[in-house]
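Report on one structure; see the data block that follows.
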Amino acid sequence: LLSEKINFTYEEYASLTMTTLARNSPLALAIAINSFPGRELIAIALVIGPLIELPVLYIVSRFVLYIKKSGLFFTCRISE
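Just so we're on the same page, this note's numbering is the position in the sequence shown counted from 1, plus 65.
In structure tokens form, the structure reads like this:
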């Protein structure tokens, strides 16, 4: 939705999506740490964070490619 309002190209949209997901990986880590409240399990939570992040990034990258191939992404650049 944001990319439509800013008139991003597909490449800019894909870059914004992947950067946003990668930058929010500490959020996934915080969820994992809260899921394991014991201090001795923090090491497990540190391992689970990237294990959650990588499949999510893969799924989103496939979705972004699907959007490109199916023509669901439209850009209307105003020429100057």
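Don't be surprised by glycine CBs; every beta carbon is placed ideally from N, CA and C.
At the C-beta level, residue 112 and residue 83 stay beyond 9 Å of one another. Distance from the CA atom of residue 137 to the CA atom of residue 114, rounded to whole angstroms, is 31 Å.
A straight line joining the alpha-carbon of residue 70 with that of residue 128 spans about 20 Å.
Proximity to residue 120 across 131, 100, 134 and 86 peaks at 86, based on C-alpha coordinates.
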